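Read through the structure below, which is laid out as structure tokens, and then see the notes.
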Amino acid sequence: MANTDPATLQSDTIARIEAADSLDALEAIRVDSLGKKGSVSLAMRSLGQLEGDARREAGQQLNAIKESITTALEARKSTLAEAALNEKLASETVDISLAPRPEAEGRIHPLSRTLEEVTAIFAEMGFTVAEGPDIESDYYNFTALNIPPEHPARQEHDTFYLTPDAEGRRKVLRTHTSPVQIRTMEKIKPPIRIIAPGRTYRSDHDATHSPMFHQCEGLVIGKDIHMGHLKGCLIDFCRAFFGVDDLPVRFRPSYFPFTEPSAEVDIGCSREGGGLKIGAGDDWLEILGSGMVNPRVLQHCGIDPDEYQGFAFGMGLERIAMLKYGIPDLRPFYDSDLRWMRHYGFVPFDPPSIHLGLGA
Ligand code: PHE
0 MANTDPATLQ SDTIARIEAA DSLDALEAIR VDSLGKKGSV SLAMRSLGQL
50 EGDARREAGQ QLNAIKESIT TALEARKSTL AEAALNEKLA SETVDISLAP
100 RPEAEGRIHP LSRTLEEVTA IFAEMGFTVA EGPDIESDYY NFTALNIPPE
150 HPARQEHDTF YLTPDAEGRR KVLRTHTSPV QIRTMEKIKP PIRIIAPGRT
200 YRSDHDATHS PMFHQCEGLV IGKDIHMGHL KGCLIDFCRA FFGVDDLPVR
250 FRPSYFPFTE PSAEVDIGCS REGGGLKIGA GDDWLEILGS GMVNPRVLQH
300 CGIDPDEYQG FAFGMGLERI AMLKYGIPDL RPFYDSDLRW MRHYGFVPFD
350 PPSIHLGLGA
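No gaps in the numbering here: position 211 of the sequence shown is 210 in numbering that gives the first Met the number 0, and each next residue is one more.
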């Protein structure tokens, strides 16, 4: 625009800016006025022909014009950009009728779920979780638990032995979680209230035994802990775990070298019609071993049996999972077969079934 009157130059340009109906049109106006060969730039260049005050005055005026054009360009640009966005939003729609692609959804393994449930129940009773190594010394797995070298209980455990060291000492894959009792009592002073879930190993393999399986140990030590506490704790646990409030629980005298007296815990069930029903009928099902900690075990750990006593228990996690969830065979637990996982596994974020129980 070859307009030499600055005021007209300004009002014309701003009018064109305000009328611009696209970002492209606006850009053309910018090049036309502020570009290298634009009207404002040309007017600036022609200042050289003026002298003194007139030149200064005209210069200031042109700078002000340049600024007002720049401001108008920016304002129009954001208005146009917003309008373009609104138009796009109004015209574009998401087709929600399209079916979503199937998502590969994982499952929680029944054993993980069982461990979560057991831990939650005992946590509510004030137990904390303790751990020990899978590879144990003979001392922790047997001797400290009152199972001396020639004791017949050693044969019953079908122990896996590791290669002996230079002094002929053989480590073992722990045959139960009971060594964690010893490790805990060596480490912390009573009162003690722990559970110790973990892997255990025995050379045994059939539909209900696997060379690697899981147990959960429990240990409570205090000054006044007695058999009544053992019974109350385990009855509460069985009823909470199986979700049957009046589940019959029976304590049957038994023997473990590390507890005296010892009791195996059975729950009431019915086997009528070939199916197993927990909490009904007049049959019994063994689910865990327990007893009052043998004073010799306390002595091995430097705890005075005249001052302290307590109880311990141990249960097979696969076994209670199979009973609760009606899983007939143990072997597929470790097969990683997705069909099995889809059938017996749990959908993540489902509420834990301790609140639903078997009745749900
Ligand atoms: N360790 C025993 C077993 O594996 C179970 C048990 C633990 C029994 C604690 C009594 C006390 O069979």
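Note that CB positions come from ideal geometry on N, CA and C, so glycine has one too. Treat the numbers as computed from the prediction; the structure is a model and nothing was measured.
One thing to note: residue 68 has its Cβ within 8 Å of the Cβ of residue 33.
Just measuring C-alpha positions, the residue of 15, 70, 5, 18 sitting nearest residue 42 is 5.
By the neighbour-count criterion, in which a residue is buried when 16 or more other Cβ atoms sit within 10 angstroms of its Cβ, residue 162 is exposed.
Looking at the backbone, the Cα of residue 76 and that of residue 101 are separated by about 44 Å. Taking the Cα of residue 305 as reference, the smallest distance to any Cα among 316, 314, 293 is reached at 293. Below 8 Å, enough C-beta pairs join the segment 206–220 and the segment 176–195 to call them touching: three or more. Here residue 139 carries a helix assignment [DSSP, helix/strand/coil]. Within the chosen limit of 7 Å, the ligand PHE does not reach the beta carbon of residue 98 with any heavy atom. Distance from the CA of residue 13 to the CA of residue 82, rounded to the nearest whole angstrom, comes to 20 Å. Here residue 93 carries a coil assignment [DSSP, helix/strand/coil]. Residue pairing by DSSP places residue 250 opposite 264 in a beta bridge.
Ranked by Cα distance from residue 125, the options 110, 87, 193 are led by 193. Taking 8 Å as the upper bound for CB-CB distance, residue 203 and residue 171 are not in contact here, some 15 Å apart. At a Cβ-Cβ threshold of 8 Å, residue 16 and residue 84 do not count as neighbours. Separation of the CB atoms of residue 322 and residue 284 is rounded to 7 Å, and the pair is thereby assigned contact status at 8 Å. Classified as exposed, residue 21 has fewer than 16 neighbouring CB atoms from the shown chains inside 10 Å of its CB.
Annotation for residue 190: 221 place their beta carbon closer than 6 Å to its own, counting only its chain and skipping 5 residues before and after.
For residue 196, the beta-bridge partners assigned by DSSP are 215. Apart from sequence neighbours up to five positions away, the residues of its chain that approach residue 328 with a beta-carbon distance below 6 Å are 206, ordered along the chain. Look at residue 258: its beta carbon is less than 7 Å from one of the heavy atoms in the ligand PHE. Under the DSSP definition of a beta bridge, residue 284 partners with 266.
Residue 289 counts as buried, since at least 16 other C-beta atoms from the protein chains shown sit within 10 angstroms of its C-beta. Between residue 291 and residue 310, the beta carbon gap of about 5 Å places them in contact (Cβ cut-off 8 Å).
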